[in-house]
Amino acid sequence: MIHGKTIEAWKQSHPIIGDLVALNETSWFNPDIAKTSEAITDVGLTAEDVKAASARLQRFAPYLKTVFPETAIANGIIESHITPLVQLRELLVGEGALQNAGEMWLKADCDLPISGSIKARGGIHEVLKHAEDLALKAGLVARGDDYSKLASDEARAFFSQYKIAVGSTGNLGLSIGIMSAKLGFQVSVHMSSDARQWKKDKLRANGVVVVEHESDYSVAVEQGRHQAAADPSCYFVDDENSPDLFLGYAVAAERLERQFDRAGIKVDAEHPLFVYLPCGVGGGPGGVAFGLKLIFGDFVHCIFAEPTHSPCMLLGVYTGLHDKTSVQDFGIDNVTAADGLAVGRPSGFVGKAMQRLIDGYYTVTDEELYRLMVVAYDRDKVKLEPSALAGVPGMARVLQSPDYLTRIGLTPTNLQNATHLVWGTGGSMVPEDEFNAYLAKGRSL
Ligand SMILES: *Cc1c(COP(=O)(O)O)cnc(C)c1O
């Protein structure tokens, strides 16, 4: 029995469960999405909260510019560019015989400075928030100060009295670990068994304590939480439930709006925006989607992408069980090559807060991620790690779902004017030999 029902009964009541447990690629467009103005209050956070996070990142920009010279070119603001995906679009249109395909763009979070993934948004914001809270309280800085003084030996000595812990499949650990160690914190990263060796090595080289666990992401998080609970000087970054992570991700939207303006990309009733977000526990895609909904309202359609072996958010929202269930409960193994997406149990906070704001969810096989990775690299010249390709098939899934398109009321002309934005969540820091191994694997399929 699974949550009181046999698997057969589940398949009867929720037909997509059949595809999920068979590890078939599948899509689900949520019939219960609501008007943004109505559903945005479900979240319990506001536009003011996102503005506060944005202002905080601005206050820290002089500090980041000092300690991470690679951010100097953007004046200490951690941001990625957008670029068209002309060849991948051609491939999808050809293979799917797609009608009314608009343009396809990449949001290149793979190139974010400091940690090379979307985690440089939420993870770094949360560490900075904690550091700022401590520093303000101790009188080390005042609000109007130039925060570059936090790069001093005195400030580092102050932060070294405090600890930070986090559980991660890898990329969040990189962000939290590198940022915390730079400030001077004692930081421990609890890594799940699927975390890559190079990430552990890189963290240790930065002075981070890496604790390895023979288990998956949820257990690594549990261990981090446990360590922090026993020690009042230890702050736990809670990937499953943290508003400060979520808000750090949400700041992406106001920056994207400015990039769209500069690129002449319109988002309005005649020019819908579809955004495809690879989803692990849900905080990254959830936070970005929240920011996008605040800015673009009903004109933006956010869709989450997960590996066929780890469809935790789809399962949680579709069954309504949220974090009460895991993919393992349904016999799905949570084993995938998609780093950052190997998560068996979704964030209950994100699943519930965002369920009326996310248009849909779909799954992708690892083989497809590898195949698309090769195309992206060879033809569109972008270096993405396998998980970051999960957003690519989204355009085809949308255009091949006539019921969904009718429900959201888009005409063929609207669709031709649409922008499909693939959130490229990671890749630039994958070492050369690892990346070549990914490519070789992709080419052999
Ligand atoms: C973490 C991560 C995601 C998803 O973020 P969640 O907050 O776990 O949902 C997507 N892609 C990559 C590369 C990641 O590291």
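The opening residue of the sequence shown carries number 38 in the working numbering; numbering runs sequentially from there.
Just so you know, even glycine gets a beta-carbon here, dropped at the ideal spot from N, CA and C.
N- and C-terminal bounds of the alpha helix (DSSP H) containing residue i
i                 : result
threonine 443     : 439-444
phenylalanine 367 : That residue, phenylalanine 367, is in no alpha helix (DSSP H); it is neither H nor E in DSSP.
isoleucine 215    : 208-220
glutamate 294     : 289-300
threonine 450     : 449-453
methionine 350    : 349-356
isoleucine 54     : 53-58
serine 230        : Note, serine 230: premise wrong, no alpha helix (DSSP H); not H, not E.
valine 435        : 431-436
arginine 180      : Taken as a continuous stretch (DSSP letters only), arginine 180 belongs to no alpha helix (DSSP H), as it is neither H nor E.
methionine 391    : 385-391
leucine 482       : Here leucine 482 belongs to no alpha helix (DSSP H), and DSSP marks it neither H nor E.
alanine 192       : 190-196
Close-in-space but distant-in-sequence residues of the same chain around residue i (CB under 6 angstroms, 5 per side omitted)
i             : result
serine 64     : Tyr399 and Arg434
glutamate 294 : Ile332
leucine 187   : Tyr100
lysine 478    : Tyr407
aspartate 56  : Thr63
proline 449   : Asn137
valine 130    : Ala138
leucine 173   : none
leucine 220   : Ala168 and Phe196
leucine 426   : Leu406, Leu409 and Met410
arginine 193  : Gly221
alanine 287   : Val87, Gly324, Phe327 and Gly328
Per DSSP, the bridge partner or partners of residue i
i             : result
histidine 162 : The partner list for histidine 162 (beta bridge, DSSP) is empty, contrary to what the question assumes.
leucine 143   : Thr120 and Val459
lysine 42     : Ile39
tryptophan 65 : Tyr398
glutamate 251 : Paired residue(s): none; glutamate 251 is not in a bridge.
alanine 202   : Ser225 and Phe273
proline 309   : According to DSSP, proline 309 bridges with nothing at all.
leucine 378   : For leucine 378, which the question treats as bridged, DSSP gives no partner whatsoever.
valine 337    : Leu310
valine 246    : Ser225
is_contact[residue i, chain C] using C-beta, thresh 8 angstroms
i            : result
tyrosine 272 : Absence of chain C from the displayed structure is noted, only one protein chain being present.
Reduced DSSP category for residue i - H, G, I as helix; E, B as strand; rest coil
i              : result
proline 106    : helix
glutamate 259  : helix
glutamate 343  : strand
leucine 82     : coil
proline 315    : strand
serine 154     : strand
histidine 167  : helix
glutamate 422  : coil
lysine 303     : coil
arginine 416   : coil
isoleucine 77  : helix
methionine 410 : helix
glutamine 264  : helix
alanine 427    : coil
lysine 72      : coil
leucine 135    : coil
isoleucine 34  : The shown model of the chain, from 38 to 482, leaves out residue 34, and the question about it has no answer.
Element boundaries [beta strand (DSSP E), containing residue i]
i            : result
tyrosine 399 : 395-401
Cβ neighbours of residue i in the same chain (closer than 7 angstroms, five flanking residues each side left out)
i              : result
glutamate 404  : Leu482
glutamate 169  : Arg93
aspartate 31   : The shown model of the chain, from 38 to 482, leaves out residue 31, and the question about it has no answer.
leucine 122    : Met141, Trp142, Leu143, Asp417 and Val459
alanine 218    : Val224, Asn243, Gly244 and Val245
leucine 329    : Ala290, Val312, Val337 and Cys339
tryptophan 235 : Pro468 and Glu471
alanine 265    : Ala202, Cys271, Tyr272 and Phe273
aspartate 268  : Lys200
glutamate 307  : Asn451 and Asn454
Cut-off 8 angstroms between Cβ atoms - residues of its own chain near residue i, not counting five sequence neighbours on either side
i              : result
asparagine 278 : Ser384, Gly385 and Phe386
glutamine 260  : Gly204, His227, Val248 and His250
alanine 71     : Arg393 and Leu394
glutamate 163  : Ile213, Val274, Ser279, Asp281, Leu282 and Gly285
serine 252     : Ser229 and Ser230
aspartate 276  : Val203, Gly204, Ser205, Leu209, Val258, Leu282, Val318, Gly320 and Ser384
aspartate 79   : Lys389, Ala390, Met391, Gln392, Arg393 and Leu394
Using a strict less-than 5 angstroms threshold between each residue's beta carbon and the heavy atoms of ligand 1, what residues do you get?
Checking every Cβ against the heavy atoms of ligand 1 under 5 angstroms gives Ser154, Asn208, Pro315, Cys316, Gly317, Val318, Gly319, Gly320, Gly321, Gly377, Ser424, Thr462 and Gly463.
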